[in-house]
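What follows is a short report on a single structure.
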Amino acid sequence: MNDEEATRSEPDLPPPTPTPLGLDRDLAFAEAERRLLGRELTPVTLDRFVVLHRLGQGAMGVVYAAHDPKLDRKVALKLVDTSGFGSEGVLEAQDRLEREARAAADLAHPNIVTIYDTGRVGDQVFLAMELVQGGTLRKWLREGSRSWREIVTLFIAIGEGLAAAHDKGIVHRDFKPDNVLVGDDGRPRVVDFGLARPVAPALQSTKSIELLLDGDADGSGSDSGPGSATRSPDTSIAGTPAYMAPEQYAGRNVGPHSDQFGFCVALYEALLSERPFRGATPTALANAVMDGQRQPLPRGHGVPPSVLAVVMRGLSQRPQERHRSMHHLVGALRRARDLRRRQVGMLLGSGALAAAVLSTYALTRGTAPEAPDPCEGVDRPLHEVWNDSRRDAIGTAMAASSPFAAGAWTGIEAKLDRFAEHWSRQRTEACETAQHKGEESVLLLELRYACLDRELGRVDAFLEELERPGPAVALSGPAAADALDRLWRCEDRERLVTLMHANGLANETDLSRNAEGLQRWRAGFERLARAEMLHRLGDTEAAQREARGVMQEAHDAGLRGLEAEARLEVGRWAHDVEELERALDLAVAASPPSQAAEIGMAIAEQATAPDGGDPEVAREHLRYAERFLARAGRNYEGPLAVRIPDVRGRLAMREGDLDGARRELENALAEARKRLPADHTDMLVIRGNLAVALTKAGDTAAATAMYEELLEAQRRVLGPSHPDVGATAFNLGNAALEDRRLADARRWFEEARRVWTAAFGEGHVQVSFPLGALGEVARRRGELEDARRLQLEALQLREGTLGSEHPALCDVLDELGEIAREQGDLGSAEEQLRRSLGLRRSAGDPRVDVTLTKLGRVLVEAGKREEGIAMLEEAIELRSKAGVDPLKRAETELVLARVMVTEDRTRAKALAEAAVARLQAEPGRRSNEREEAERWLAETFGVAGPCAQCHWSHGSDAPIPGAESADDDPTGAEPESADDDPSIAEPAGAESPRPPPEG
């Protein structure tokens, strides 16, 4: 009698009697009755279900085949005994089981076993679920020899089921091969979501709840074992030891990332016939997992490195270093599976075999022209990474993330399309060169593919970050997108071969002995690509962990080229010149000249930083970079040829050589216009640096023109609402203020305020900078009450964010002191300026001379001449040092000259003449101040100057020439304040510390 017949009940039989306990006994009695009487007299039931026969048993549950008369279908009926939780815990356990079973019942996915119903009988909870005709995943793997592609394809489907559960907030917590059923139709279904765990941390239970067939007690998970969920009297950990993530062993933060770890353990085991972690005892296994001590890969495994790289990332010790989600893992796995590589020769280590494959293909192609082109669709991996679905999803996410992200996304999208075009062309050309022209060995083809895959992996990592964008991603995204297109690396055959030698992979015949090294090399480069994207988009901590991990593994494995690149990544973003020097030593000895050139440039850029570094080191490594660049060839001229004059220009600017800075930066901009796309963010950076150099040189007209060109480009590349647009508007305001174009200054500062308020919110400290600048404009226009109100708003924002002792307050306090002085309130002016001076001295602020000049003048006017003169003398001494703008010294000299004129005319005259001489030495700068100083000198001392016939006069209370031009710079957001508080986006923009652009 088959199962269908067993479900029929005779009309003259009495109603079925429920038998929640002892079902096996009742089934045995029913079978005896059937044999003796020829029919089933008493159906065995549980609730409404007619129990047919037992399917199996796990550690805490028994599964039966049953019939549901209500819906007329066969089901699997799982009974979970909760009596072991004690009298107080039974109800809570049952509530938990039913609640999570109902949640799992909402999951409608082809790769998840469907739960139809749940209920209670005594101390047992039953679940009625889909009856799958087939066996467990472990059984499927043992039934025959499975190719890696078959295994990966099945796991992709399994992963889609897990991802669907995670989307609903349901975590499995005990994923293993025995919790996956593979039907006779080949479709896998995951079972037991969310139920393999204790009901509550407070329960000191020795049991965990499991729902289906478990592995054996030692964690091996065989089908016949009695169960393997971890149970101990003093812990609430649940799971199967061999598949548990480190955080599960630690008893904390179990979530989707834990399922991902178990999934990758199972996939590793399926592909390689052994597990990644081993231990002779449960404690040893736990230590291996928690310490990340993976076993070496078995020799000759034959699994593509791209697949293993996906698995290894899922096995990362820290959850945040695994794939972003199961969706990302499944996508990466699908792409790795679909990579159409000719790896036979490489992975089997037979160059002769590889050559034979190509020769056979050529002969076959000659006799069978109708055969499909093997290069058709070779760019399919690209479409798995960058496609319309992902484009739309990211566009929606970006638009919702911040007010300026949508504009940034428009530019990023165009760059991604350009990358896709270049990648597809190179992939196809590489294949055609090998397949049709016979000009490329299988080995070189594989190296080119590996290079292209690495760059595609960088794009994938970038897109992963964009899928969960925040303001930092929108800020850094355009520049990060520019770092993606380095496909010129993959066209350089010499570079690829040199890298192979540098990593101990000497030639085709050596690859059989270096399969594991090859896998580590490729996987390491893919991890570095991801680390770079994390760095560029602001997740420095995770990026450093990833890069340092690769660095150590490469060092241990003797992969010198990979180690050099990892040290470059670590040193560049940690601003560690010593690490970069070690990277350069490795690169010079073993790597292609292009890599040595990149490292030399990175050292030069670090040494050029305005807040440290060594100009001599910068110059030395610029020379290194140029020499290596010349050896690298034309492919590398574009990216690095632009960076070299840019660094030279910044170095000259730092050393006060403004003419040299202008010359180098103009050269850099000319090179960039020839070699870079018009929307490349390095073009923006160079324009900004040149504008700063022009400003420092006093050529405000040229600086204004360059800032306006920069602003137009930023609006086009970044979008009109990007904060960098606000920064350039702010700098245009400063230039207008320098030229005393107060209406223009107000207009630009208002735009900066509008952009930054929209981007950061009106309560953000960034908004305080245009507020302070608008306050200065108001003061210069004589609108003192408006000026005071604006400065107080700025002060409130800065104090609220930075505290009352931060040196970023000083510029506002200085301006409040100036306002009070002009209102005649010298007491308030002195109070504000003394507070500013105290903050500057405490912080070691290099701009203490600014406040000394202002406070010295106020003290003199308040009758405290001796103290005031002492402060002015100190300011002159500070401004006399090498490297200080001479016009700053001229400004203080003029203030002190006016103070001294009534008591020491000789000293006053000498000071004034020295100041005028400094102003006349730089005729392109501050012409208004120079003319006023010449006029004051002529009127006061009878000294004729070039402007002695100018037709205006100064009363005794006229402003001291130059007193407002330099130190009343409303920027306020000095680099020091931005560096001290990373939440402050630095308005200066051009010379701000930034990740060096990649070649």
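Residues in the sequence shown are numbered from 1219 upward in steps of one, following my numbering.
All C-beta atoms, glycine included, are put in the ideal place defined by N, C-alpha and C.
Beta-bridge partners of A1784 (DSSP): none assigned. Under DSSP, the beta-bridge partners assigned to Y1282 are R1272, L1295. Contact between the region 1343-1358 and the region 1506-1515 is absent: fewer than three C-beta pairs spanning the two stretches fall below 8 Å. Taken in chain order, the whole alpha helix (DSSP H) runs of length 4 or more contained in the region 1584-1630 are 1598-1603, 1606-1619. I1333 is bridged by DSSP to M1347. For A1782, the closest of P1938, I2037, E1799 by C-alpha to C-alpha distance is E1799. Restricting attention to L2057, L2034, D1392, the CA atom closest to the CA of S1476 is found in D1392. Between A1775 and A1749 the beta-carbon gap is near 18 Å, outside 8 Å, which marks them as no contact. Using a Cβ distance threshold of 7 Å, A1283 and L1270 count as a contacting pair. Contact between L1345 and I1333 holds, since their C-beta atoms are separated by about 6 Å, short of 8 Å. With three or more CB-CB distances shorter than 8 Å, the region 1635-1646 counts as touching the region 1593-1610. Distance from the Cα of F1846 is smallest, within the candidate group D2103, R1555, R1861, Q1813, for Q1813. Excluding residues up to 5 positions away in sequence, A1953, E1956, D1957 lie with their Cβ nearer than 6 Å to the Cβ of T1918 in the same chain. With a cut-off of 8 Å on Cβ pairs, the region 2014-2021 is not in contact with the region 2040-2049, counting fewer than three such pairs.
As for any alpha helix (DSSP H) of minimum length 4 sitting wholly inside the region 2074-2114, the runs are 2083-2097, ordered along the chain. Residue state for F1680 is assigned as helix, using DSSP reduced to three classes. Within the same chain, and ignoring the five residues on either side of Q1478 in sequence, the residues whose Cβ sits closer than 7 Å to its Cβ are G1532, R1540, H1541, M1544, L1547. DSSP places L2027 in no alpha helix (DSSP H); its state is neither H nor E. At a Cβ-Cβ threshold of 7 Å, T1946 and L1960 do not count as neighbours. When the Cα atoms are used, Y1467 and E1969 turn out to be separated by approximately 55 Å. Per DSSP, the continuous alpha helix (DSSP H) segment holding P1833 begins and ends at 1833-1850.
The criterion of a C-beta distance shorter than 7 Å is satisfied by A2012 and L1989. With distances taken between CA atoms, N1471 lies nearest to R1536 out of L1515, G1518, V1408, R1536. The beta carbon of P1287 sits closer than 7 Å to the beta carbons of R1266, V1268 from its chain, once the five residues preceding and following it are set aside; these are given in chain order. For R1880, the uninterrupted alpha helix (DSSP H) segment begins and ends at 1876-1893. The region 1612-1631 and the region 1937-1945 touch, with no fewer than 3 CB-CB distances between them shorter than 8 Å. Per DSSP, the continuous alpha helix (DSSP H) segment holding V1943 begins and ends at 1941-1956. If you ignore the 5 residues before and after A2126, its C-beta comes within less than 7 Å of the C-beta of A2115, M2118, V2119, all in its own chain and listed in chain order.
For F1267, the three-state secondary structure derived from DSSP is strand. Taking the Cα positions, A1879 is about 13 Å away from G1916.
If you check the CB distance, L1950 and W1974 do not come in under 7 Å. The Cβ atoms of T2071 and V2134 lie no closer than 7 Å to each other. As DSSP reads the structure, L1399 sits in a beta bridge with T1354, R1407.
Here A1652 is near L1663, since their CB atoms are less than 7 Å apart. If you compare the alpha carbons of P1811, E1712, G1688, R2052 with that of T1614, the shortest gap goes to G1688.
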